[in-house]
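Below is one structure, written out as structure tokens, with a few remarks after it.
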Amino acid sequence: AKELGKSRFKVFNRKMHDQALQLMELETDLRRAVDLREFEVFYQPIMDITKRRVSGFEALVRWRHPEHGIIGPNDFISLAEDTGLVYAIDNLVLEEACTQIKLWQHALGVDSGADLTVNVNISGRNFGQSMLVSQVGRAIDDAGLDPASLKIEITESALMDNPSVAEDMLQQLKGLGVSVCIDDFGTGYSSLSYLQRFPIDVVKVDRSFIIEVETDTDSQAIVRTVFSLGESMGLTIVAEGVETKAQLDFLEGEGCQFVQGYFFHKPLTVEQVDTLLADMRLD
Ligand code: C2E
Ligand code: CA
Ligand code: CA
Ligand code: CA
575 AKELGKSRFK
585 VFNRKMHDQA
595 LQLMELETDL
605 RRAVDLREFE
615 VFYQPIMDIT
625 KRRVSGFEAL
635 VRWRHPEHGI
645 IGPNDFISLA
655 EDTGLVYAID
665 NLVLEEACTQ
675 IKLWQHALGV
685 DSGADLTVNV
695 NISGRNFGQS
705 MLVSQVGRAI
715 DDAGLDPASL
725 KIEITESALM
735 DNPSVAEDML
745 QQLKGLGVSV
755 CIDDFGTGYS
765 SLSYLQRFPI
775 DVVKVDRSFI
785 IEVETDTDSQ
795 AIVRTVFSLG
805 ESMGLTIVAE
815 GVETKAQLDF
825 LEGEGCQFVQ
835 GYFFHKPLTV
845 EQVDTLLADM
855 RLD
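When you read off a place in the sequence shown, starting at 1, and then add 574, the result is the number in UniProt numbering.
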């Protein structure tokens, strides 16, 4: 029995050792990826269903790994957060998204920056960074972008982790003229008082509620409440992760204006958006 225990321990150890090695390798790769800018930004359309058009995009990062191919953010953002690399990554995405939306605005000849907007995710790990707000300001300036074209997405849980730091940062962002979105709404704390306290423009209802509206009356009630709350507080509501006609019909019935999800479009490459916008102009 003793022998067996010992060999089991060895196997366990070897496995942990391998995992640790893999993680170290991934971290080395990620550092190199930041230096070499191995990231590509995809853009998922956010639809205005009342006007039946694209109102803007959410910028979503992907890592083009030289050996492993495309890696989605769920597989590297938390490592990037733990290693501090997420600051550089969010900045790359921010700069690229500002430059890109300006090009698309130009191509479409939009009159107001608010007519075609881009949403950029900022990790909660970057909230304490005093440089963050000036980086956002610089990205807008460098791109020659109307600040009304940029929306910064911050998750509900990141907000609540450190409310006073977050509030200060949101105030400063608002001072630049950019909008602030609460991402993954409904998955963090249940307190709604901060919707009043923080300078928020947009609430993105998390996909988990949208999935359930087809079958679950509680989720329907929650989504309905968020819409009426949005109306009375002057907040824009976006429904995330809409995949089916039934979900869309429910949302439309509740007076929803903005929808994001596979039902309309998956996250697209720059080339795919070029094509989409060219088709839009022909309509
Ligand atoms: P998120 O901010 O909630 O972004 C929405 C995610 O849902 C995206 O996954 C998107 O592709 C996916 N999605 C959109 N519509 C649908 C749908 O109809 N069905 C389903 N099943 N999924 C849908 P993605 O691109 O893999 O990103 C995952 C998360 O990674 C994001 O969640 C966000 O938290 C994070 N992330 C992405 N890009 C960045 C970035 O540049 N910086 C930071 N800090 N985080 C990022
Ligand atoms: Ca987001
Ligand atoms: Ca989200
Ligand atoms: Ca999410």
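Cβ atoms here follow ideal geometry from the backbone N, Cα and C, with glycine treated the same way.
Quick caveat: nothing in here was measured; it's all calculated off a predicted structure.
So, using beta-carbon positions, are residue i and residue j closer together than 7 Å?
i, j, result
"ILE796", "PHE783", "yes"
"residue 923", "SER723", "The requested residue 923 is not part of the displayed model; the chain covers only 575 to 857."
"ALA740", "PHE701", "yes"
"GLY835", "VAL816", "yes"
"THR761", "ASP780", "yes"
"PHE631", "VAL692", "yes"
"GLY698", "ALA732", "yes"
"ALA713", "LEU668", "yes"
"ILE651", "ILE696", "no"
"PHE824", "VAL787", "yes"
"ASN648", "GLN709", "no"
"VAL694", "ALA633", "yes"
"LEU842", "TYR617", "yes"
"PRO721", "LEU747", "no"
Tell me whether residue i is buried or exposed, calling it buried when 16 or more other Cβ atoms sit within 10 Å of its Cβ.
i, result
"LEU766", "exposed"
"LYS840", "exposed"
"LEU744", "buried"
"SER704", "exposed"
"SER802", "exposed"
"SER629", "buried"
"GLY804", "buried"
"LEU597", "exposed"
"LEU822", "buried"
"GLN770", "exposed"
"SER753", "buried"
"PRO619", "buried"
"ILE756", "buried"
"ILE645", "buried"
"LEU610", "exposed"
What residues match up with residue i in a beta bridge as DSSP calls it?
i, result
"ASN693", "GLU632, LYS725"
"ASP757", "THR729"
"GLU826", "DSSP lists no partner for GLU826."
"TRP637", "PHE613, ILE645"
"PHE832", "ASP622, VAL812"
"ARG627", "ASP622"
"LYS778", "VAL812"
"LEU842", "TYR617"
Excluding sequence positions up to five away, which residues of its chain have a Cβ less than 7 Å from the Cβ of residue i?
i, result
"GLN831", "ASP622, ILE623, THR624"
"GLU601", "LEU653, THR657"
"ASP673", "The sequence shown places Thr at residue 673, not Asp. These residues qualify, in order along the chain: ALA717."
"ILE663", "VAL608, PHE613, VAL635, ALA654"
Enumerate in chain order the residues of its own chain whose CB-to-CB distance from residue i is below 6 Å, with the five nearest sequence positions on each side excluded.
i, result
"ASP758", "THR729, GLU730, ASP780"
"LEU659", "LEU604, VAL608"
"SER793", "PHE783, GLU786, VAL787"
"GLN679", "LEU690"
"VAL833", "MET621, ILE623, ALA813, VAL816"
"LEU706", "ASN700"
"VAL847", "TYR617"
"ARG588", "none"
Once you ignore the five residues that flank residue i on each side, which residues in its own chain have a CB closer than 8 Å to its CB?
i, result
"LEU851", "VAL628, TRP678, ALA681, LEU682"
"VAL684", "LEU690"
"residue 568", "Residue coverage of the chain in this structure runs from 575 to 857, which leaves residue 568 outside it and unanswerable."
"GLU826", "ILE623"
"PRO640", "GLU612"
"PHE837", "VAL816, GLU817, THR818, LYS819, GLN821, LEU822"
Quick check: is any heavy atom of ligand 6 less than 6 Å from the C-beta of residue i?
i, result
"LEU653", "Absence of ligand 6 is noted for the structure shown, with ligand 1, ligand 2, ligand 3 and ligand 4 being the only ligands found."
Legend entry - Test item, CB below 7 Å from any non-hydrogen atom of ligand 2: Going along the chain, the residues that qualify are GLU632, ASN693, ASN695, GLU727, ASP757, LYS778.
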